[in-house]
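Peer 1: Chains as they are written, first to last, in the UniProt record's numbering: chain A, 1 to 205; chain B, 1 to 205; chain C, 1 to 205.
Before I ask anything, here is the structure I am working with.
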Amino acid sequence: MDMTALLQGLDLVGTFAFGLSGATLAVRHRLDLVGVLALAVAAALAGGMIRDALLGATPAAALTDGRLLLTALGAGLAGFFFHRALNRLRKPVLVLDALGLGLFAVTGCRRALDHGLDPLPSLILGVLTAVGGGAVRDVLVAEVPRVLREEIYALAALVGGLVLVAGLRLGLPEPAVALAAVAAAFVLRIVSVLRGWSAPRPPGT
Amino acid sequence: MDMTALLQGLDLVGTFAFGLSGATLAVRHRLDLVGVLALAVAAALAGGMIRDALLGATPAAALTDGRLLLTALGAGLAGFFFHRALNRLRKPVLVLDALGLGLFAVTGCRRALDHGLDPLPSLILGVLTAVGGGAVRDVLVAEVPRVLREEIYALAALVGGLVLVAGLRLGLPEPAVALAAVAAAFVLRIVSVLRGWSAPRPPGT
Amino acid sequence: MDMTALLQGLDLVGTFAFGLSGATLAVRHRLDLVGVLALAVAAALAGGMIRDALLGATPAAALTDGRLLLTALGAGLAGFFFHRALNRLRKPVLVLDALGLGLFAVTGCRRALDHGLDPLPSLILGVLTAVGGGAVRDVLVAEVPRVLREEIYALAALVGGLVLVAGLRLGLPEPAVALAAVAAAFVLRIVSVLRGWSAPRPPGT
Numbered sequence: 001m002d003m004t005a006l007l008q009g010l011d012l013v014g015t016f017a018f019g020l021s022g023a024t025l026a027v028r029h030r031l032d033l034v035g036v037l038a039l040a041v042a043a044a045l046a047g048g049m050i051r052d053a054l055l056g057a058t059p060a061a062a063l064t065d066g067r068l069l070l071t072a073l074g075a076g077l078a079g080f081f082f083h084r085a086l087n088r089l090r091k092p093v094l095v096l097d098a099l100g101l102g103l104f105a106v107t108g109c110r111r112a113l114d115h116g117l118d119p120l121p122s123l124i125l126g127v128l129t130a131v132g133g134g135a136v137r138d139v140l141v142a143e144v145p146r147v148l149r150e151e152i153y154a155l156a157a158l159v160g161g162l163v164l165v166a167g168l169r170l171g172l173p174e175p176a177v178a179l180a181a182v183a184a185a186f187v188l189r190i191v192s193v194l195r196g197w198s199a200p201r202p203p204g205t
Numbered sequence: 001m002d003m004t005a006l007l008q009g010l011d012l013v014g015t016f017a018f019g020l021s022g023a024t025l026a027v028r029h030r031l032d033l034v035g036v037l038a039l040a041v042a043a044a045l046a047g048g049m050i051r052d053a054l055l056g057a058t059p060a061a062a063l064t065d066g067r068l069l070l071t072a073l074g075a076g077l078a079g080f081f082f083h084r085a086l087n088r089l090r091k092p093v094l095v096l097d098a099l100g101l102g103l104f105a106v107t108g109c110r111r112a113l114d115h116g117l118d119p120l121p122s123l124i125l126g127v128l129t130a131v132g133g134g135a136v137r138d139v140l141v142a143e144v145p146r147v148l149r150e151e152i153y154a155l156a157a158l159v160g161g162l163v164l165v166a167g168l169r170l171g172l173p174e175p176a177v178a179l180a181a182v183a184a185a186f187v188l189r190i191v192s193v194l195r196g197w198s199a200p201r202p203p204g205t
Numbered sequence: 001m002d003m004t005a006l007l008q009g010l011d012l013v014g015t016f017a018f019g020l021s022g023a024t025l026a027v028r029h030r031l032d033l034v035g036v037l038a039l040a041v042a043a044a045l046a047g048g049m050i051r052d053a054l055l056g057a058t059p060a061a062a063l064t065d066g067r068l069l070l071t072a073l074g075a076g077l078a079g080f081f082f083h084r085a086l087n088r089l090r091k092p093v094l095v096l097d098a099l100g101l102g103l104f105a106v107t108g109c110r111r112a113l114d115h116g117l118d119p120l121p122s123l124i125l126g127v128l129t130a131v132g133g134g135a136v137r138d139v140l141v142a143e144v145p146r147v148l149r150e151e152i153y154a155l156a157a158l159v160g161g162l163v164l165v166a167g168l169r170l171g172l173p174e175p176a177v178a179l180a181a182v183a184a185a186f187v188l189r190i191v192s193v194l195r196g197w198s199a200p201r202p203p204g205t
């Protein structure tokens with residue numbers, strides 16, 4: 001089985017799901033076509049763009065791999081035309097989004113390790129890849145990013161990165177480690193939504 | 001005729017116009033001198049800065065071509081001291097802003113092509129160069145960027161980029177193509193303001 | 001005396017103080033653990049990250065010097081658990097923040113000069129290093145950045161940079177110049193708080 005092709009294909013699925021999250025938020029805020037496409041691209045690609053700019057891995061992957069931009073723009077158009085249908089598809093979209101979360105965390109962390117970073121900054125960069133696009137998306141509609149306020153989202157990405165780093169340290173085969181890491185983030189995210197888990201709050205607030 | 005010098009001169013005109021838009025918004029939000037200068041610099045230069053960071057065309061042009069920073073700071077000071085006069089000059093400022101829009105789209109797209117990017121990401125980067133500064137400017141005063149909500153603005157930049165890419169594909173002489181591309185964006189922007197055109201909205205909203 | 005080690009040690013103190021400012025703002029906005037850590041990291045490191053991305057000094061220092069990230073995360077945890085105690089320590093935190101302001105302005109300006117930039121863009125980049133993290137911090141909670149609205153903050157950073165550039169131009173020994181520059185920014189910031197000085201506002205507002 002070609003694991004690299006599988007991961008890349010899944011990455012596009014995650015890109016599409018993230019793009020949908022941007023497009024539907026834009027529709028809710030009554031933005032126009034430009035706003036819908038911009039929020040789709042921001043949600044899908046800004047996390048990886050920030051990662052690449054900080055790493056010096058330029059031109060950023062979002063600019064050299066044409067499929068990423070096309071997928072994000074496609075998600076924007078889908079959100080623009082079918083936003084009412086999408087509102088009835090919240091559960092499947094949530095599942096795809098959780099998949100994207102795990103994939104972006106793992107590929108972002110891997111890319112940082114490939115550039116010679118230590119495990120801790122690589123973990124942080126993996127999380128930033130996974131949640132940065134959503135944060136930019138929310139800032140563009142003048143909202144406090146959801147990832148900072150509620151639910152288990154960044155922590156799921158962190159767990160995915162931890163599984164990746166630990167597995168590679170132990171010398172396990174990379175394809176299996178990558179899949180396990182994506183699965184860990186995905187499962188934690190889904191379970192936390194089902195159970196209504198939240199990240200801890202400061203004591204006494 | 002020296003077309004490069006002409007385009008560079010026009011670029012400074014656009015930089016000044018964009019800087020004025022940042023300064024006047026800052027005055028409206030009752031920011032202090034620092035805020036006025038910061039919004040002028042952000043509006044005039046942040047689009048190109050983001051473009052260069054994503055391309056890896058570093059240090060960013062805004063840091064190496066001293067005229068850009070001086071022009072943006074000059075626009076900030078002009079807005080700080082003469083904001084009341086500028087309120088009476090809305091039409092000329094709008095014309096200069098439309099010129100800057102076309103110029104930034106075309107030079108941003110060209111710079112992306114020069115770095116070996118494909119036409120689609122180059123177009124997107126041209127649009128980002130043209131509208132990114134205004135978006136950062138609006139985010140800094142906690143507003144949803146105007147470019148995402150109303151009027152024909154990013155679409156005019158996109159049309160300018162399309163003319164550039166198509167003209168170069170056809171092998172036409174670059175100076176003429178660049179001028180035609182700037183003119184296309186400029187005219188579409190001006191006509192859309194005169195006619196009150198807006199970008200389309202999602203169906204059913 | 002080893003001046004480099006002294007400046008680096010002080011830099012971590014500044015990083016910690018900036019991180020505390022992010023953490024306490026996050027607690028005030030009722031963010032969760034992720035939000036507190038994210039705002040601590042943003043406040044402490046985003047200014048330097050933006051500087052490095054624009055310079056092309058990548059991977060950014062915040063990713064390669066592990067102490068910076070650990071210090072910022074430590075400040076986040078301290079703010080998360082001890083936010084009530086920190087509210088009673090406003091004056092010491094203000095002093096540390098002013099120290100960080102001067103240090104970040106001077107090290108940011110120096111890094112830009114080392115990359116061959118002219119004095120003016122180096123000054124601007126020093127100021128951006130010093131105030132950029134706080135601006136990102138404020139944008140993430142949907143507030144207009146404080147640095148654009150009130151008090152002498154960016155101007156103190158600018159004065160620190162000016163002392164550095166002037167001292168190096170005059171050929172004075174760099175360690176002494178750097179210390180004097182940090183001190184100038186620090187003193188101006190502290191005095192401006194004690195006296196209630198503000199940056200000037202646009203005439204007629």
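By construction, the Cβ of each residue, glycine as well, lies at the ideal position given by its N, Cα and C atoms.
Remember, predicted model here, so these are calculated numbers, not experimental data.
Buried or exposed, going by whether 16 or more other CB atoms sit within 10 Å of the CB of R51/A?
Peer 2: Sequence index remark: in the first sequence, residue 51/A carries index 51 (1-based). That one is buried.
Peer 1: Any residues in the segment 128–155 of chain C with a beta carbon nearer than 8 Å to a beta carbon of chain B? Which ones, in chain order?
Peer 2: A135, V139, A142, E143, V144, P145, V147, L148, R149, E150, Y153, A154 and L155
Peer 1: From this set, L12/B, L55/B, L194/B and L172/B, which residue's C-alpha is nearest residue 211/B's C-alpha?
Peer 2: For chain B, the structure presents residues 1 to 205; residue 211/B sits outside this window and is missing.
Peer 1: What is the rounded straight-line gap between the Cα of T15/A and the Cα of L69/A?
Peer 2: Translated into positions along the first sequence, residue 15/A becomes position 15. Translated into positions along the first sequence, residue 69/A becomes position 69. One C-alpha to the other measures close to 9 Å.
Peer 1: Quick one: residues in its chain with C-beta nearer than 6 Å to the C-beta of G126/A, no 5 flanking neighbours on either side, listed in chain order?
Peer 2: For the purposes of this step, residue 126/A is taken as residue 126 along the first sequence, with counting starting at 1. The answer, listed in chain order, is A105, G108, C109 and G161.
Peer 1: Given 8 Å as the limit, is there contact between the segment 75–85 of chain A and the segment 25–40 of chain A, that is, 3 or more CB pairs closer than that?
Peer 2: yes
Peer 1: By the criterion of Cβ-Cβ separation under 7 Å, what are the contact partners of V190/C in chain B?
Peer 2: Here the question's residue 190/C lines up with position 190 in the third sequence. It is Ile, not Val, that sits at residue 190/C in the sequence shown. Under the 7 Å cutoff, chain B gives no residues; its nearest Cβ is about 18 Å from I190/C.
Peer 1: Are any of the Cβ atoms in chain C nearer than 8 Å to that of P200/A?
Peer 2: Position 200 of the first sequence holds residue 200/A. For P200/A, the answer is yes, since a Cβ of chain C falls inside 8 Å of its Cβ.
Peer 1: Roughly how many angstroms separate the alpha carbons of F80/B and L31/B, rounded to a whole number?
Peer 2: Residue mapping note: residue 80/B aligns to position 80 of the second sequence, counting from 1. Residue mapping note: residue 31/B aligns to position 31 of the second sequence, counting from 1. Here the alpha carbons of L31/B and F80/B stand approximately 10 Å from one another.
Peer 1: Counting contacts by CB-CB distance shorter than 8 Å, is G100/A in contact with chain C?
Peer 2: Here the question's residue 100/A lines up with position 100 in the first sequence. Chain C places no beta carbon closer than 8 Å to that of G100/A, leaving this residue out of the contacts.
Peer 1: Going along chain A in order, which residues have a C-beta closer than 7 Å to the C-beta of R84/C?
Peer 2: In the third sequence, the residue the question calls residue 84/C occupies position 84. Within chain A, the residues near R84/C are G204.
Peer 1: Determine whether the Cβ of R30/C lies closer than 8 Å to any Cβ atom of chain A.
Peer 2: Position 30 of the third sequence holds residue 30/C. Taking Cβ atoms only, chain A reaches closer than 8 Å to R30/C, which makes this a yes.
Peer 1: Give me the Cβ distance between V159/C and L179/C, rounded to the nearest whole Å; I'm assuming they're in contact under 8 Å.
Peer 2: If you number the third sequence from 1, residue 159/C lands on position 159. If you number the third sequence from 1, residue 179/C lands on position 179. So it is not a contact: roughly 14 Å between Cβ atoms.
Peer 1: Pull out every residue of the segment 47–77 of chain C whose Cβ sits closer than 7 Å to any Cβ of chain B, in chain order.
Peer 2: A53, L54, L55 and G56
Peer 1: In this structure, does DSSP put A85/B in helix, strand or coil?
Peer 2: Here residue 85/B is taken as the residue at index 85 of the second sequence, counted from 1. In this structure, A85/B counts as helix in the three-state DSSP scheme.
Peer 1: By the DSSP assignment, the alpha helix (DSSP H) with V131/A in it spans what residues?
Peer 2: Within the first sequence, the letter at position 131 stands for residue 131/A. Here the alpha helix (DSSP H) through V131/A covers P119 to L140.
Peer 1: For D114/A, which three-state DSSP category applies?
Peer 2: What you label residue 114/A is simply residue 114 of the first sequence in a count that begins at 1. Three-state result, D114/A: helix.
Peer 1: Note down, in chain order, every chain B residue with its Cβ under 7 Å from the Cβ of G35/A.
Peer 2: Locating residue 35/A in the first sequence gives position 35, counting from the first residue. Result: L148 and R149.
Peer 1: Can you list, in chain order, the residues of the segment 110–124 of chain B whose Cβ is nearer than 7 Å to any Cβ on chain A?
Peer 2: Of all residues in the segment 110–124 of chain B, H115, L117, D118, L120, P121 and I124 have a Cβ within less than 7 Å of some Cβ in chain A.
Peer 1: Three-state secondary structure (DSSP) at A199/A?
Peer 2: If you number the first sequence from 1, residue 199/A lands on position 199. Residue state, collapsed to three classes: coil.
Peer 1: Expressed to the nearest angstrom, what Euclidean distance is found between the alpha-carbon atoms of residue 217/C and V136/B?
Peer 2: Because chain C is modelled from 1 through 205, residue 217/C falls outside the range shown and cannot be assessed.
Peer 1: Drop a sphere of 10 angstroms on the beta-carbon of G22/C, count the other beta-carbons inside from all chains shown, and report buried for 16 or more, exposed for fewer.
Peer 2: Numbered from its first residue, the third sequence carries residue 22/C at position 22. When all chains shown are included, G22/C counts as buried.
Peer 1: Taking T64/B as part of the alpha helix (DSSP H), name the residues at either end of that continuous run.
Peer 2: By 1-based counting over the second sequence, the position of residue 64/B is 64. It spans A61 to T64 - the alpha helix (DSSP H) in which T64/B sits, taken as one unbroken run.
Peer 1: What separation, rounded to the nearest whole angstrom, lies between the Cα atoms of G35/A and A72/A?
Peer 2: Within the first sequence, the letter at position 35 stands for residue 35/A. Within the first sequence, the letter at position 72 stands for residue 72/A. Cα to Cα, G35/A sits roughly 13 Å from A72/A.
Peer 1: Cβ of A57/A within 8 Å of Cβ of M49/A?
Peer 2: For the purposes of this step, residue 57/A is taken as the residue at position 57 of the first sequence. For the purposes of this step, residue 49/A is taken as the residue at position 49 of the first sequence. The answer is no: Cβ separation not under 8 Å.
Peer 1: For R28/B, count the other beta carbons within 10 Å of its own beta carbon; 16 or more makes it buried, fewer makes it exposed. Which is it?
Peer 2: If you number the second sequence from 1, residue 28/B lands on position 28. Exposed, by the Cβ-count rule.
Peer 1: Is it buried or exposed, D138/A, if we count other Cβ atoms within 10 angstroms and call 16 or more buried?
Peer 2: Position 138 of the first sequence, counting from 1, holds the residue named residue 138/A. With 16 or more Cβ atoms within 10 Å of its Cβ, D138/A is classed as buried.
Peer 1: Measure the C-alpha to C-alpha separation of S192/A and V177/B and round it to an integer number of angstroms.
Peer 2: Indexing the first sequence from 1 puts residue 192/A at position 192. Indexing the second sequence from 1 puts residue 177/B at position 177. The alpha-carbon atoms of S192/A and V177/B are separated by roughly 55 Å.
Peer 1: Looking only at its own chain, which residues have a Cβ that is under 6 Å from the Cβ of S122/A, when we skip the five neighbours before and after it?
Peer 2: Start at 1 with the first residue of the first sequence, and residue 122/A comes out as number 122. Cβ-Cβ distances below 6 Å link S122/A to C109, A112 and L113 in the same chain, with the five nearest sequence neighbours on each side left out; the list follows chain order.
Peer 1: Kindly indicate which residue of L7/A, R84/A, Q8/A and T64/A has the alpha-carbon position closest to the one of L25/A.
Peer 2: Taking the first residue of the first sequence as 1, we reach residue 25/A at position 25. Ranking L7/A, R84/A, Q8/A and T64/A by Cα distance to L25/A puts R84/A first.
Peer 1: For R149/C, is the classification buried or exposed, using 16 other Cβ atoms within 10 angstroms of its Cβ as the cut-off for buried?
Peer 2: Here the question's residue 149/C lines up with position 149 in the third sequence. R149/C comes out buried.
Peer 1: Do F186/C and L63/C have their C-beta atoms closer together than 8 Å?
Peer 2: Taking the first residue of the third sequence as position 1, residue 186/C is located at position 186. Taking the first residue of the third sequence as position 1, residue 63/C is located at position 63. For F186/C and L63/C, no; Cβs fall outside 8 Å.
Peer 1: With A44/B and G132/B assumed to form a contact (beta carbons below 8 Å), what rounded beta-carbon distance in angstroms separates them?
Peer 2: Along the second sequence, one-based indexing puts residue 44/B at 44. Along the second sequence, one-based indexing puts residue 132/B at 132. The pair is not a contact, with the Cβ atoms about 11 Å apart (cut-off 8 Å).
Peer 1: For P92/B, which three-state DSSP category applies?
Peer 2: Numbered from its first residue, the second sequence carries residue 92/B at position 92. Helix at P92/B.
Peer 1: Output needed for T129/C: all residues of its chain with C-beta closer than 6 Å, excluding positions within five of it in sequence on either side, in chain order.
Peer 2: Locating residue 129/C in the third sequence gives position 129, where the first residue counts as 1. Result list for T129/C: G47, G48, R51, F104 and G108, in chain order.
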